[in-house]
Amino acid sequence: MSKTHPDNARLAALVILAGVLDDHKNLADADSESRQQSPRNRAYAKHLTYGVLRWLSALEWISSQLLRKPLRRKDRDIQRLILIGLFELWHDGGADHAATHETAECAKKLKKPWAVPVINAVLRRFQREKTEWIDRLDNRDERFAHPAWLLSTLKDDWPEHWQQIASANQQAGALWLRLNRRFDAAESIAGLTDAGFSIDRHATLEDAVKVSPAAGVAQLPGFSEGRFSVQDPAAQLAAGLLKLEKHHVVLDACAAPGGKTCHILERAPGVNLTVLDQSKSRLRQVEENLDRLGLRNDTMPRLMVADAAETDSWWDGEPFDRVLLDAPCTATGVIRRHPEIKWLRSRNQLQKAVAMQARLLDRLWPLLKPGGILVYATCSELRLENNLQIQAFLEKSPDAQSNDLDVFWGQNVECGRQIFPGEQEMDGFFYARLQKTL
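Be aware that the sequence shown starts at -1, since it is given in the numbering used here, and climbs by one per residue.
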């Protein structure tokens, strides 16, 4: 489906779903195709899309039980309309009749009037038998709405916690900000509360504040002048783990979009910082964030488009006191913010990410001074990318040792700390701190 019917949220949602599920785009890119919608309909289209992607395999199972026969592939737009309608009837509080009627009527706009009675029949039956179908679903793995490979991996990795992780992935993450220490925190918070937002400070992270209701950055007073950045509390932990001092020579190896980069400079403005990313457009995001926060002129970080692992192409030979390796990963720890991740990742992509992480560790470690620290981070809860990756590196690196992290957050694992999604209101993250001994 390539076009959106003017001002129709359900058909706009179909376009976004096709972008994700057929074209393998992330939600932000797929959503850009629906900008011709009115703000109200675009917002509802986004709500429907997020809902279907959160519950996709559960909705597909229910749909398969209620359809008399499977729909043809060329009619996957009708199949997805049914999923949209099921999501509304199951998880939304609106009028059931309106959801059923308006969803079915969309088939006419798709020039498939034959599908109107099909959609009506499925949705009306679900209305009548909803309790029965939800009870049946409760006995199946589809109720967790994760692809089989990912659910199996979570079960193997975390036999005591996998259900907690899967359930947390189904809950939308709150809007968290990181206060810029260059401004008075009380003034920044007052600007938000005066605009009608409710503010909650994080229990233990002094710079982290939760804002409700969630809103776009353009609606947040103080954002454009650099008073704060959007950043989950888990991501705000990285800068502190580096143990920065003003004279340190620091590498941020995979920096874009720059949240951790900017936090480093807010906490230790005197450091000599090198910032790398492979993507020129993504590195531009880092530049924009530095400018907005007022960090570019004062601190003068060195920004380069480069593959961090190809050290001959960018390294000037001066060793680093600190390295932050925010490693490319499956991003399975941020599914609650990006539900499309579940359906865009595969076991093969996990293996590729693991190989890339190992390559980066091997190439960057020799650049570290004796006594220097490398902080390894991922937004994942998969052991292959996290503690098993670090274990493998330590086994072949006699000059590396893992620092114990005496912290208030996460689960202690063999070589670091694992945060589960939703734990202390954080995204899923892993951190390890390695020190060079020779």
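Note that the Cβ used here is the ideal one computed from N, Cα and C, for glycine as well.
Remember, predicted model here, so these are calculated numbers, not experimental data.
Comparing alpha-carbon positions, the option among TYR374, ALA356 and LEU382 lying closest to LYS394 turns out to be ALA356.
If you compare the alpha carbons of HIS89, LEU380, LEU9 and SER196 with that of LYS109, the shortest gap goes to LEU9. Straight through space, the alpha carbons of GLN416 and THR151 are spaced by roughly 16 Å. Here DSSP, grouped into helix, strand and coil, assigns ARG431 to strand.
Taking 3 residues as the minimum length, the beta strand (DSSP E) runs contained wholly in the stretch 160 to 224 are 173 to 177, 196 to 199 and 206 to 210, in order along the chain.
With contacts defined by Cβ atoms closer than 8 Å, ALA113 and ILE76 form a contacting pair. Straight-line spacing of the CA atoms in ALA213 and PRO364 works out to 44 Å. Across the structure, GLN389 and LYS241 are spaced so that their CA atoms are roughly 22 Å apart. Short of 8 Å from the beta carbon of VAL352, and not among the five residues preceding or following it, lie these beta carbons of its own chain, in chain order: LEU382, GLU383 and GLN387. Under the three-pair Cβ rule at 8 Å, the stretch 315 to 326 does not count as touching the stretch 145 to 160.
Annotation: the continuous beta strand (DSSP E) that includes MET302 extends over 300 to 303. Classified as exposed, GLN217 has fewer than 16 neighbouring CB atoms from the shown chains inside 10 Å of its CB. In the DSSP assignment, TYR374 is bridged to LEU323 and ALA430. Apart from sequence neighbours up to five positions away, the residues of its chain that approach ILE82 with a beta-carbon distance below 7 Å are ARG8, ALA11, LEU46, VAL50 and THR101, ordered along the chain.
Residues of the same chain with a CB within less than 6 Å of the CB of THR202, apart from the 5 flanking positions on each side, are PHE406 in chain order.
Closest by C-alpha distance to GLY224, out of ILE197, ALA233 and ARG294, is ARG294. Under the rule that a run must span 4 or more residues, the alpha helix (DSSP H) segments found entirely inside the stretch 76 to 155 read 94 to 107, 113 to 135 and 146 to 155. When DSSP states are grouped into helix, strand and coil, GLY369 belongs to the strand group. Annotation for GLY17: no beta strand (DSSP E) segment contains it, though the alpha helix (DSSP H) segment containing it runs 7 to 19.
ASP27 and VAL13 have their C-alpha atoms spaced approximately 11 Å apart. HIS22 is a Cβ neighbour of LEU342, given a cutoff of 8 Å.
Between LEU64 and ARG123, the C-beta gap is smaller than 8 Å, which places the two residues in contact.
Under the three-state reduction of DSSP, ASN39 is assigned to helix. Counting along the chain, GLY414 sits inside the beta strand (DSSP E) bounded by residues 414 to 417.
If you draw a straight line from the Cα of ILE187 to the Cα of ARG265, it is about 19 Å long. Judged by DSSP secondary structure, GLN229 falls outside any beta strand (DSSP E); it is assigned neither H nor E.
Assigned with DSSP and collapsed to three states, LEU436 falls in coil, not helix or strand. Approximately 6 Å separates the beta-carbon atoms of THR330 and GLU379; this is inside 8 Å, confirming the contact. The beta carbon of THR272 sits closer than 6 Å to those of LEU249 and ARG300, all from its chain and outside the five residues before and after it, given in chain order.
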